[in-house]
Amino acid sequence: MQGDAVFWVAVEQLLWELRDRGYVIPSEAVRRVPERSGVELALRARDPDLERLVEELRPGLDVTYCIRAGARRAVYRR
0 MQGDAVFWVA VEQLLWELRD RGYVIPSEAV RRVPERSGVE LALRARDPDL
50 ERLVEELRPG LDVTYCIRAG ARRAVYRR
């Protein structure tokens, strides 16, 4: 259980840092992937800059990206 708390603290910190850099991140765009101990971010379109930024900010965090074109519940840059 403590591992879950540590994981979510790391994810929340990452999300705040991304928001500070101009990304809009609806809560529905973030989903835990427990079988891989990772997180999935839904994007409106592929965003190589976001992928690079996530890797810089949280190297080793297992993040996958799925595309939900035009979705309101997806991460996008302001």
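For what it's worth, numbering that gives the first Met the number 0 labels the leading residue of the sequence shown as 0, then goes sequentially.
Glycine included, every Cβ here is placed at the ideal spot set by N, Cα and C.
Span of the alpha helix (DSSP H) around residue i
i: Glu34; result: Counting along the chain, Glu34 falls outside any alpha helix (DSSP H), and DSSP gives it neither H nor E.
i: Arg51; result: 47-56
Whole-angstrom distance between residue j and residue i, CA atom to CA atom
i: Val38; j: Arg77; result: 22 Å
i: Val23; j: Phe6; result: 21 Å
i: Arg45; j: Arg71; result: 15 Å
i: Ala82; j: Pro47; result: Residue 82 is absent from the structure shown; the chain starts at 0 and stops at 77.
i: Arg51; j: Leu17; result: 12 Å
i: Trp57; j: Ile66; result: Looking at the sequence itself, residue 57 is Arg, so the reference to Trp does not match. If you take the alpha carbons of Arg57 and Ile66, they lie about 21 Å apart.
i: Arg31; j: Glu55; result: 20 Å
i: Ala4; j: Leu60; result: 15 Å
Buried or exposed by the 16-neighbour rule on C-beta atoms within 10 Å, applied to residue i
i: Val53; result: buried
i: Ala73; result: buried
i: Ala41; result: buried
i: Ala28; result: buried
Bridge partner(s) assigned by DSSP for residue i
i: Val23; result: Tyr75
i: Leu42; result: Ile66, Val74
Whole-Å CB distance - residue i paired with residue j, under 8 Å assumed
i: Arg43; j: Tyr64; result: Contact doesn't hold; Cβ gap of about 11 Å is too wide.
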